[in-house]
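Student: Read in order, the letters of the sequence shown are residues 3 to 133 in our numbering.
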Amino acid sequence: MTEKTIIVTGAGAGIGKATALELARRGARVVVGARSEASAQPVVDAITKAGGQAEALAMDLSSGESIKSGVARFLESHDRVDVLINNAGVWAGERKLTPEGHEITWSVNVLAPFRLTQLLSDALHKGEGRV
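(1) Just how far apart, CA to CA, sit arginine 1 and valine 34?
(2) Just to confirm the assignment, what range does the alpha helix (DSSP H) spanning glycine 16 have?
(3) To which residues of the same chain is glutamine 55 closer than 6 Å at the C-beta, ignoring the five residues directly before and after it?
(4) If you count every other CB in all the chains shown that lies within 10 Å of the CB of threonine 4, and 16 or more means buried, which is it?
(5) So, do the stretch 6-20 and the stretch 37-54 have three or more beta carbon pairs nearer to each other than 8 Å?
(6) Around the C-beta of serine 65, are 16 or more other C-beta atoms found within 10 angstroms, so that it is buried, or is it exposed?
(7) By how many angstroms is the C-alpha of histidine 127 removed from the C-alpha of alanine 13?
(8) Is the distance from the Cβ of alanine 125 to the Cβ of arginine 97 below 8 Å?
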């Protein structure tokens with residue numbers, strides 16, 4: 003895993019956080035994807051304190067525009083991705099629409115992984131290309 007660049011969505015807590023910490027422990031450069039910088043930063047700090055490499059990537063996965071801008075920010079400083087782990091997910095309980103008019107559960111759980119994979123496809127091809 004050494005020197006692999008791995009993006010983990012939903013890495014601010016739970017399974018995503020545990021995955022990010024373990025990947026960093028194994029030597030990967032981890033991009034901690036979360037809704038906000040504030041929720042990603044404690045995970046980044048834990049990884050760097052343990053001697054690993056990590057950075058935060060804030061994106062609201064219910065918003066296509068937020069995904070586009072997040073990927074654009076990432077690509078400003080990276081030309082490849084070895085692995086994309088689409089871990090983020092939500093359960094709204096009641097029907098709730100995003101500002102784009104999509105049901106939020108569908109938007110985060112289905113559309114976001116598709117959008118991320120599509121927007122990162124060139125960078126994935128330059129890396130190992132695992133999703």
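Note that CB positions come from ideal geometry on N, CA and C, so glycine has one too.
Just so you know, these numbers come straight off a predicted model, no measurement behind them.
Tutor: Reading off the structure:
(1) In this structure the chain extends from 3 to 133, so residue 1 is not present and cannot be described.
(2) 16-27
(3) Arg31
(4) exposed
(5) yes
(6) buried
(7) 23 Å
(8) no
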